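Participant:
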Amino acid sequence: MKKTDSLTFIGLIVSTVLVLVGAAKGSSSGLKNFFDVSSILITVLGSFGALMITFTIDDIKLIKNALQYSFKTMSVSKLDLLEQFKTLSKKARKEGLLS
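The sequence shown begins at 59 in our numbering and counts up by one.
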């Protein structure tokens with residue numbers, strides 16, 4: 059069963075608050091100069107444009123699933139994890155750069 063990963067959400071909130079507090083403290087007029095409509099549009103729409111140039115429409119549709127996955131935690135058995143590390147280390151020894 060997947061549970062919600064609260065640390066991802068808390069990390070997003072803390073980082074947003076820190077950016078806003080830093081912007082408010084760094085400027086004599088508070089947050090008014092920090093939020094400029096044209097700079098926000100350039101940043102958001104420019105990032106979206108770069109996203110559309112780089113990825114296909116099918117990849118962009120997967121963003122929703124990726125965001126949902128980032129907020130979920132999976133319970134993994136420690137023994138299964140150990141087996142996976144053993145398998146990966148054997149593969150790295152046989153097929154790795156130093157083999």
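Cβ atoms here follow ideal geometry from the backbone N, Cα and C, with glycine treated the same way.
If you're wondering where the values come from, they're calculated on a predicted model, not measured in any experiment.
1. So Leu125 is in the alpha helix (DSSP H); what residue range does that whole segment cover?
2. Just to confirm the assignment, what range does the alpha helix (DSSP H) spanning Met41 have?
3. What is the DSSP secondary structure of Asp32, counted as helix, strand or coil?
4. Expressed to the nearest angstrom, what Euclidean distance is found between the alpha-carbon atoms of Thr131 and Asn123?
Facilitator: Inspection of the coordinates gives the following:
1. Stepping through the sequence shown from its first residue, residue 125 is reached at position 67. Bounds of the alpha helix (DSSP H) holding Leu125 are 121 to 128.
2. Residue 41 cannot be examined here, being either before or after the span of the chain that is shown, 59 to 157.
3. Summary: the structure shown does not reach residue 32, with the chain confined to residues 59 through 157, and so no result is reported for it.
4. Walking along the sequence shown from the start, residue 131 turns up at place 73. Walking along the sequence shown from the start, residue 123 turns up at place 65. Each residue's alpha carbon lies about 14 Å from the other.
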